[in-house]
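The structure appears below as structure tokens.
2 protein chains.
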Amino acid sequence: MSGISDVAKLAGVGKATASRALTGRGYVSEPTKVRVEEAARTLGYVPSTSAVSLATGRTQNIGVLMPYVTRWFFAEVLEGIQAALIERGLDLTLYDANPTSAGRRQIFEHYLARKRFDGLIAVGLEPELEELPLLMAIGKPVVGVVGEGSETSVIEIDDHNAARRATDHLITLGHRRIAFVGGGAEDFWAHVDRRRLEGYRQAMATAGLAHEAAHTPSRISLPGGYAAAVDLLGTSEGRPTAVVAVCDEVAVGAIIAARRLGISVPADLSVVGIDDHEYAETFALTTLEQKPRQQGVKAVELLMSEIADPSRPPVHITLQPRLIVRASTAPPRGMGSVIRTDSTFDA
Amino acid sequence: MSGISDVAKLAGVGKATASRALTGRGYVSEPTKVRVEEAARTLGYVPSTSAVSLATGRTQNIGVLMPYVTRWFFAEVLEGIQAALIERGLDLTLYDANPTSAGRRQIFEHYLARKRFDGLIAVGLEPELEELPLLMAIGKPVVGVVGEGSETSVIEIDDHNAARRATDHLITLGHRRIAFVGGGAEDFWAHVDRRRLEGYRQAMATAGLAHEAAHTPSRISLPGGYAAAVDLLGTSEGRPTAVVAVCDEVAVGAIIAARRLGISVPADLSVVGIDDHEYAETFALTTLEQKPRQQGVKAVELLMSEIADPSRPPVHITLQPRLIVRASTAPPRGMGSVIRTDSTFDA
DNA sequence: CTCGGTTCAGGAACCGATTCCAGATCAATG
DNA sequence: CATTGATCTGGAATCGGTTCCTGAACCGAG
Chain A
1 MSGISDVAKL AGVGKATASR ALTGRGYVSE PTKVRVEEAA RTLGYVPSTS AVSLATGRTQ
61 NIGVLMPYVT RWFFAEVLEG IQAALIERGL DLTLYDANPT SAGRRQIFEH YLARKRFDGL
121 IAVGLEPELE ELPLLMAIGK PVVGVVGEGS ETSVIEIDDH NAARRATDHL ITLGHRRIAF
181 VGGGAEDFWA HVDRRRLEGY RQAMATAGLA HEAAHTPSRI SLPGGYAAAV DLLGTSEGRP
241 TAVVAVCDEV AVGAIIAARR LGISVPADLS VVGIDDHEYA ETFALTTLEQ KPRQQGVKAV
301 ELLMSEIADP SRPPVHITLQ PRLIVRASTA PPRGMGSVIR TDSTFDA
Chain B
1 MSGISDVAKL AGVGKATASR ALTGRGYVSE PTKVRVEEAA RTLGYVPSTS AVSLATGRTQ
61 NIGVLMPYVT RWFFAEVLEG IQAALIERGL DLTLYDANPT SAGRRQIFEH YLARKRFDGL
121 IAVGLEPELE ELPLLMAIGK PVVGVVGEGS ETSVIEIDDH NAARRATDHL ITLGHRRIAF
181 VGGGAEDFWA HVDRRRLEGY RQAMATAGLA HEAAHTPSRI SLPGGYAAAV DLLGTSEGRP
241 TAVVAVCDEV AVGAIIAARR LGISVPADLS VVGIDDHEYA ETFALTTLEQ KPRQQGVKAV
301 ELLMSEIADP SRPPVHITLQ PRLIVRASTA PPRGMGSVIR TDSTFDA
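These protein sequence lines map, in sequence, to chains A and B. Sequential numbering from 1 applies to the first sequence in full-length UniProt numbering. Sequential numbering from 1 applies to the second sequence in full-length UniProt numbering.
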């Protein structure tokens, strides 16, 4: 209710001085500064954000664009971003735009054009969509979390290597028939999905193994993993002894499906995931840990430095997930004596 | 880049006329209106939100306060809110403040005081926290989704009745030893948790059954449900024949735990949840469906009408969840002939 | 004592819209 | 034909801050 003029009046100074005292910019003598602060406090003065934005051109607000918030990864990233922004006193405007929804086009055309933010974090942008140029066109710093884009900074994990190491872990244990569960993602994971599949294939090829009827199409979720695993493990002949899942939720779905089918994990089937999801520990899931929350925090840091210095060239940060070995992986039956060389060491 | 003055100049009119033409308020002749719109289009004019806010006092922005974003319920509500806001051309500023985090106090003191929004949706506010008065103090319309507060509008499901009906469903099937899994929530679900527990107790009492060693403390999540069920079902003597779970994730955790213990669902143990979570179908879970996404949409509708008419008295909307019977519930062993009277009818 | 540089203060312009108000035009009415 | 009321327009004030710029006071150095 009370504006800076009221504060100035109460403190017995001019508007300009009051502003300087409160923002800390420019010369103000210590005693007057104290008087102004005192006045502001007694009046409960809170600067109007719109007035500040209008005058300074800074909104003190960061936009976050993501296709879902209901998926583990995205929600975790979002929480990381939020936490990092709060520390810095910045607001967060969410643009949750499912790619298939009609609202998405609107978001790009109307919302983002409003530039209600000093910078944007785009999570999970798929490259084939011609949306990146639109993002660049708004003329504000953009940082991506997962997703293509050489013109913007991007932070992501090394999907290829993650899947490769997951597969290598199984190969080292002695497995030969290893399937990949995932793939065929029709949704926003398509890109990540493909890279992980490729990592799996390469590991298999390097070991001279056939990446047999590897991947089973499925929704990237626990039910999807369940359904895919039921298909994959249904017939007992030629059944794989191990499975690389595209992510932990799918892996857990696969474990549950296996148990339902009477297949014991890890005795009859080893399962490895990627994520280190909240569920991983309960299911004793061996996995490659990515920390989405920290990716969110890191994205904010990147964005901050780009806002501070817009000429800064974009950087591409690739994180290496850490292998966490739990009890969902073991040597295949009859190979109990294989020496586990990889153990929990971080490669 | 180009402001309304440029548009006005190009169209050959005054700023005032240009503004009227574009906002549609006040008198403007059709031809000039067309000229202004044309000019705006060729210049790619987008009004500055801060200037508009400053002049009108409206931010075109809605704040959403929630304790987590990583929980199913909250994420779903959030998506519902977002979808409803996009339709209306409004932005969404997220205040994701974990109650235990240090940032939460800051949110209340700094962020909300900034009033960067025309209205606020608070999801899952617990009553014992003395935060409601703070929310009311900001002087903007507030709508709650779940949570106490007679001074603000609230939309929520009838937790008591939901748990009651879940329990009745089991009683009707012939179960006598029914346990409640959940309770003891140390986190933000405490309130909901308590009401559901109470509903369960009342149903048991009404049927003349003892609400025996009913609830097991657990985190409100799948791993929590798993752990609680392992405790509960560990000993075979006096084991319940049915379980009411505080929510679907816990229910699924319980199902998985039961199977691991060699307890067949529903033959040896019936399980009913509350939510109709994404996982419910995969686990054939009988549950009471609440639609968080629609609650979010509804909250936006409520908020809109309160913004339009601030004198509107707060309303309290209580939704009745629908019973969805799947295969996780059945008569207890030896009572296969019990007539299932409740079936899928909506009570 | 004067000069130059630093510190301090406030008036005024500005950010980019909306809106009040006064004046002009125009059609309809008595 | 004069009057009224509705329609149309643009100049100016306003929203609530920040910042430029000018002027005064103060300081130590020459």
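Every residue gets a Cβ at the ideal spot worked out from N, C-alpha and C, and that includes glycine.
- Chain A places no beta carbon closer than 7 angstroms to that of V246(B), leaving this residue out of the contacts.
- The C-beta separation of V265(B) from V272(B) comes to about 11 angstroms, leaving the pair out of contact by the 8 angstroms criterion.
- Only those residues of the stretch 110-143 of chain A whose C-beta falls short of 9 angstroms from the nearest C-beta of chain B are listed: H110, Y111, A113, R114, K115, R116, G139.
- The Cβ of Y226(A) sits closer than 7 angstroms to at least one Cβ of chain B.
- Between R259(B) and R116(B), the alpha-carbon positions lie close to 51 angstroms from each other.
- Here the C-alpha atom of H160(A) lies approximately 11 angstroms from the C-alpha atom of P321(A).
- In summary, L132(A) is buried, with 16 or more beta-carbon neighbours lying within 10 Å of its beta-carbon over all protein chains present.
- Counting every other CB atom within 10 Å of its CB across the protein chains shown gives R333(B) a total below 16, marking it as exposed.
- A299(B) and T93(A) have their C-alpha atoms roughly 19 angstroms apart.
- The beta carbons of I155(B) and I307(B) sit about 16 angstroms from each other, so the pair does not count as a contact at 8 angstroms.
- Taking each of H211(B), T17(B), T56(B) in turn and checking the Cα distance to T32(B), the smallest one comes out for T17(B).
- Annotation: Cβ neighbours of V69(A) in chain B (cutoff 7 angstroms, chain order): V69, A75, L78, E79.
- At a cut-off of 7 angstroms between C-beta atoms, D276(B) does not count as an interface residue with respect to chain A.
- At a beta-carbon threshold of 8 angstroms, the residues of chain B lying near G89(A) are H110, ordered along the chain.
- By the Cβ neighbour-count rule, P313(A) is exposed, with fewer than 16 other Cβ atoms within 10 Å of its own.
- Annotation for F180(A): the continuous beta strand (DSSP E) segment containing it runs 178-181.
- With respect to the 7 angstroms criterion, G14(B) and A8(B) are classified as neighbours on the basis of their beta carbons.
- In terms of Cβ geometry, T286(B) and R326(B) form a close pair [threshold 7 angstroms].
- Residues P314, H316 of the same chain have their beta carbon placed closer than 8 angstroms to that of S150(B), with the five preceding and five following residues left out of the count.
- With a cutoff of 7 angstroms on beta-carbon distance, L232(B) and A179(B) are scored as near each other.
- Not one beta carbon of chain B lies nearer than 7 angstroms to the beta carbon of G26(A).
- Counting every other CB atom within 10 Å of its CB across the protein chains shown gives Y45(A) a total of 16 or more, marking it as buried.
- Collapsing the DSSP output to three states places E289(B) in a strand.
- At a C-beta separation below 8 angstroms, S221(B) has these neighbours in chain A: E278.
- Taking a beta-carbon distance threshold of 7 angstroms, S53(B) counts as an interface residue toward chain A.
- Within the stretch 298-323 of chain B, contact with chain A at the beta-carbon level (separation under 8 angstroms) is assigned to no residue.
- Below the 7 angstroms Cβ cutoff, chain B contributes Q82, L92, L94 as neighbours of L94(A), in chain order.
- For L120(A), the enclosing beta strand (DSSP E) covers residues 119-125.
- Pairing G225(B) with V250(B) gives a Cβ-Cβ distance under 7 angstroms.
- Taking a cut-off of 8 angstroms for Cβ pairs, the stretch 58-77 of chain A and the stretch 52-59 of chain B do not touch, as fewer than three such pairs fall below it.
- Here the C-alpha atom of E109(A) lies approximately 18 angstroms from the C-alpha atom of P141(A).
- Between E87(A) and R293(A), the alpha-carbon positions lie close to 15 angstroms from each other.
- Under the Cβ criterion of 7 angstroms, G182(B) is not counted among the residues facing chain A.
- Per DSSP, the unbroken beta strand (DSSP E) holding T93(A) starts and ends at 91-96.
- Ranked by Cα distance from M136(A), the options A190(A), W72(A), A84(A), T152(A) are led by T152(A).
- Flagged as an interface residue toward chain B: V46(A), by a C-beta distance shorter than 7 angstroms.
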